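Take the sequence shown: its letters are residues -18 to -1, 1 to 125, numbered as in mature numbering (1 follows the signal peptide of the UniProt record, and there is no 0). Structure first, then comments.
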Amino acid sequence: MKPIIVLILCLSVQSVQAFEFPAISDLWFREAPPTAKMLAAYVTVENQTQKDLKLIGAFAPDFAMAEIHKTIDVDGLLKMREQKELLIPQNEQLVMEPGGLHIMLMMPKKRFTVGEEVRICLIYQDESGSEQVQHLDFPVKKQ
Ligand SMILES: [Cu+2]
């Protein structure tokens, strides 16, 4: 019986392919006044994996809500639009920076100051439709 059991184990390991997360750089959380209800964080996501990636959202335990936004110019007025799905093709990078894409964090449960880090998770959707969560710590910086 033993050889059969080993074979089954090998097959089950092969069928579960590990999701490969992208490379992260330039991550920071913008320090805001204590009364601020909306805060922003920025990051560069580089897809060095062998597959296209789909970023579908963010989560931050110290905030009531986290969304990925894009600032756009509508007839001279700056507006923000939630981005529910951002495709990052292989070998390309997604840059979030002030005035463009950002992680919008709403209703903070505590205040963060320079020197601290904010836990923010990026959520990807893999080929099977499952969510894959990348846990990151964003250093707090002055703008
Ligand atoms: Cu926003």
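C-beta atoms are modelled at their ideal positions from N, C-alpha and C, and glycine is treated no differently. Nothing here was measured: the structure is a model prediction, and the numbers come from that model.
May I ask you to verify whether the region 108 to 125 touches the region 71 to 78, counting CB pairs closer than 8 Å and requiring at least 3? no
Residues around ligand 1, please: the ones whose beta-carbon is closer than 5 Å to some heavy atom of it, in chain order. 51, 62, 86
Under 6 Å Cβ to Cβ from residue 62, same chain only, skipping five residues before and after it: list those, please. Indexing the sequence shown from 1 puts residue 62 at position 80. Closer than 6 Å at the Cβ level, and outside the excluded window around residue 62, lie 51, 53.
Residues of its chain near residue 71, where Cβ-Cβ distance is below 7 Å and the 5 sequence neighbours each way are ignored: Along the sequence shown, read from residue 1 onward, the residue named residue 71 stands at position 89. 29, 34.
Should residue 23 be listed as close to ligand 3, given that the test is whether its C-beta is under 7 Å from any heavy atom? This structure does not include ligand 3; its bound ligands are ligand 1.
Contacts around residue 128, its chain only, beta-carbon distance under 6 Å, and the 5 residues preceding and following it disregarded: Lying before the first or after the last residue shown, residue 128 is absent from the chain, which here runs from -18 to 125.
Pairwise C-alpha distance: residue 81 and residue 44: Within the sequence shown, numbered from 1, the residue matching residue 44 stands at position 62. Within the sequence shown, numbered from 1, the residue matching residue 81 stands at position 99. So the two alpha carbons sit approximately 24 Å from each other.
In terms of residue numbering, what span does the beta strand (DSSP E) encompassing residue 22 cover? Translated into positions along the sequence shown, residue 22 becomes position 40. Counted as a single uninterrupted DSSP element, the beta strand (DSSP E) harbouring residue 22 occupies residues 20 to 28.
Candidates 83, 87, 106, 39: closest to residue 152 by CA position: In the structure as shown, the chain begins at -18 and stops at 125. Residue 152 is therefore absent and cannot be evaluated.
DSSP three-state assignment for residue 53, whether helix, strand or coil: Mapped onto the sequence shown, residue 53 falls at position 71. Per DSSP, reduced to three states, the secondary structure at residue 53 is strand.
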